[in-house]
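> The structure follows.
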Amino acid sequence: MTASGKRRHLSVVPDVPVIVRPSERRGRRDVASYHLRIELDEVSPPIWRQFVVPSNLRLSELHPIVQTVMGWQDSHLHSWVGGEPPASERYEMRESIDEGFADEDDELCEDAVRLDQVLAEPGELLSYLYDFGDGWDHTIVLERIDADEPAPTVSCLAGARACPPEDCGGPGGYADLLTVLATPSHPGHHDAGAWVGPGFAPESFGADAVNRHLRLEVVIRDHGPVTDSKFAELLRRIPHQAAPHVFSLLEHAGLTARRGDIGAAEQAATFHLRWFLQRIGSDGIALTQAGYLPPAVVAEMRQALPGFDDWPATSNRETDQRPVQLLREYAKTLGLVRKYKGKLVRTNLGTAMAGDVSRMWRHLLDRLPLGTDQIEREAGYLVLLTLAAGTSSDERRDVIAEGLAALGWQTSDGTIVGREEVFWIGRPTISFLELIGAMVEGYVQRDQPMDPEWGRLFARMVLSM
Numbered sequence: 001m002t003a004s005g006k007r008r009h010l011s012v013v014p015d016v017p018v019i020v021r022p023s024e025r026r027g028r029r030d031v032a033s034y035h036l037r038i039e040l041d042e043v044s045p046p047i048w049r050q051f052v053v054p055s056n057l058r059l060s061e062l063h064p065i066v067q068t069v070m071g072w073q074d075s076h077l078h079s080w081v082g083g084e085p086p087a088s089e090r091y092e093m094r095e096s097i098d099e100g101f102a103d104e105d106d107e108l109c110e111d112a113v114r115l116d117q118v119l120a121e122p123g124e125l126l127s128y129l130y131d132f133g134d135g136w137d138h139t140i141v142l143e144r145i146d147a148d149e150p151a152p153t154v155s156c157l158a159g160a161r162a163c164p165p166e167d168c169g170g171p172g173g174y175a176d177l178l179t180v181l182a183t184p185s186h187p188g189h190h191d192a193g194a195w196v197g198p199g200f201a202p203e204s205f206g207a208d209a210v211n212r213h214l215r216l217e218v219v220i221r222d223h224g225p226v227t228d229s230k231f232a233e234l235l236r237r238i239p240h241q242a243a244p245h246v247f248s249l250l251e252h253a254g255l256t257a258r259r260g261d262i263g264a265a266e267q268a269a270t271f272h273l274r275w276f277l278q279r280i281g282s283d284g285i286a287l288t289q290a291g292y293l294p295p296a297v298v299a300e301m302r303q304a305l306p307g308f309d310d311w312p313a314t315s316n317r318e319t320d321q322r323p324v325q326l327l328r329e330y331a332k333t334l335g336l337v338r339k340y341k342g343k344l345v346r347t348n349l350g351t352a353m354a355g356d357v358s359r360m361w362r363h364l365l366d367r368l369p370l371g372t373d374q375i376e377r378e379a380g381y382l383v384l385l386t387l388a389a390g391t392s393s394d395e396r397r398d399v400i401a402e403g404l405a406a407l408g409w410q411t412s413d414g415t416i417v418g419r420e421e422v423f424w425i426g427r428p429t430i431s432f433l434e435l436i437g438a439m440v441e442g443y444v445q446r447d448q449p450m451d452p453e454w455g456r457l458f459a460r461m462v463l464s465m
């Protein structure tokens, strides 16, 4: 009753539901094996995979695994959606957030969310969205949790059908493409077949091939180059499915290791250039009327510099001694010497480095690989990788050819670069490494690696820049 004598009317106020979003959950205390199934939405017959991953992966770490098990090339943006409405939330790439592509209300980053937060119980779902233009949506379901495996590893168990080609127009475009490919009388049949390539078989799938690529993922994660190095930028442009040989060398290259005698490597790598700069001296060397080094200086170089006297010609003319020509050319390319009033003189940089081993070493690390064209420099990076990994000359050719093809380089007639052409493309870097003794000439070690250990260390250091 109130003071006025009237009865108050009471009503039950319903409890406000507590919404717990996936990112607010605690992850598992232990690391279990998650058995996942992923399937492409709106594609028939279904394209699916079953695979196993550790439960503690962040979504940013799950992304390359999904790309690999499905067969995508990781050439487009992606995002995730976890949880059921109204608790669902979107997880974006770091790049999408940093560059303002993500919605302001959905700026949860994939590298801040763990898989076992989003998928906690069997039957829960996670959406993976890839290529927002084509619109490839995938549904991932947690089928089983195995907490008994002591060291969960990533592996593909089963699957069906090949991944669609990139940029084919999404589920609708892919269905049209399959129709054209299956209809020889269709006017677009020939062009469609040429576009997908002779190896495309839509009904094929092999878990063994996927697992080989997954093992490469582990190699890349554990043995990859310094994240912000120029070589790392190059590797990010190479789909590892297209260049397995290139990526397999990372495990042997030791790019993050600093083992070895760096002092000895500095002395060896800079010796030829330092000797040449000191021989030029402050007064320079008077050139012949034709602009060449005098025979007496050429003779000195052949005596003093390792490897120079192995050149078959006995003449002391510069034009007959390729190592002498190369050293002069590289000294100029590196900004250390120039011609001035009939003399070969040191530049200011050359004068500063003539007696400074450490400064010359840092200069070489910064300037390699060499070449005036992009393809020459990219081939040079692949040369340095093979040197760091200790390959033979024959294997070196295969790796460079594979890497250049994966980077999209072709000859003028549209064919891929062959293994017989790659040494000419990588010649600026190869010749320099052979000149200073960091790499043994190809014909000497066709089947067996014979490069010096300091040369491998030098290559590792260059690839870390």
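Residue numbers (our numbering): 1 to 465. C-beta: ideal position from N, C-alpha, C; glycine also. Since this is a predicted model, take the numbers as computed values, not measurements.
1) Using CA coordinates, which residue listed in 435, 400, 412 and 378 is at the minimum distance from residue 329?
2) Count the other CB atoms, across all protein chains shown, that sit within 10 Å of the CB of residue 424; report buried if there are 16 or more and exposed otherwise.
3) Expressed to the nearest angstrom, what Euclidean distance is found between the alpha-carbon atoms of residue 293 and residue 317?
4) When DSSP builds the beta bridges, which residues end up paired with residue 128?
5) Could you name the residues that DSSP lists as bridge partners for residue 38?
6) Please state the DSSP three-state secondary structure of residue 146.
7) Measure from the alpha carbon of residue 511 to the alpha carbon of each residue in 452, 379 and 344, then state which is nearest.
8) Per the contact definition of three or more C-beta pairs closer than 8 Å, is the region 174 to 181 in contact with the region 193 to 203?
9) I need the straight-line Cα distance from residue 129 to residue 78, nearest angstrom please.
10) Does DSSP classify residue 54 as helix, strand or coil?
11) Going straight from the alpha carbon of residue 284 to that of residue 374, what length do you get?
12) Can you tell me whether residue 114 is helix, strand or coil according to DSSP?
13) Which residues in the same chain as residue 339 place their Cβ atom closer than 8 Å to its Cβ, once the five residues preceding and following it in sequence are excluded?
14) Where do the ends of the beta strand (DSSP E) carrying residue 92 lie?
15) Are the CB atoms of residue 371 and residue 428 within a distance shorter than 7 Å?
16) I need the boundaries of the alpha helix (DSSP H) containing residue 265, first residue and last residue.
17) At what residues does the alpha helix (DSSP H) containing residue 218 begin and finish?
18) Which residues bound the beta strand (DSSP E) around residue 339?
19) For a minimum of 3 consecutive residues, which ranges assigned as the beta strand (DSSP E) are wholly contained in the region 320 to 365?
20) Could you tell me whether the Cβ atoms of residue 87 and residue 55 are closer together than 7 Å?
Working from what's here:
1) Comparing Cα-Cα distances from residue 329 to each of 435, 400, 412 and 378, the minimum goes to 435.
2) In the assembly as shown, residue 424 is an exposed residue. Its beta-carbon has fewer than 16 other beta-carbons within 10 Å.
3) When rounded, the distance between both Cα atoms is 8 Å.
4) 80 and 138
5) 49 and 140
6) Residue 146: strand per DSSP, three-state reduction.
7) No information on residue 511 is available, as it lies outside the stretch 1 to 465 that the chain covers here.
8) yes
9) 5 Å
10) strand
11) Whole-angstrom Cα-Cα distance: 33 Å.
12) DSSP places residue 114 in the strand class (E or B) of the three-state scheme.
13) 287, 291 and 345, listed in sequence order.
14) 89 to 92
15) yes
16) 262 to 280
17) 207 to 223
18) 337 to 340
19) 337 to 340 and 343 to 346
20) No, the Cβ-Cβ distance between residue 87 and residue 55 is not below 7 Å.
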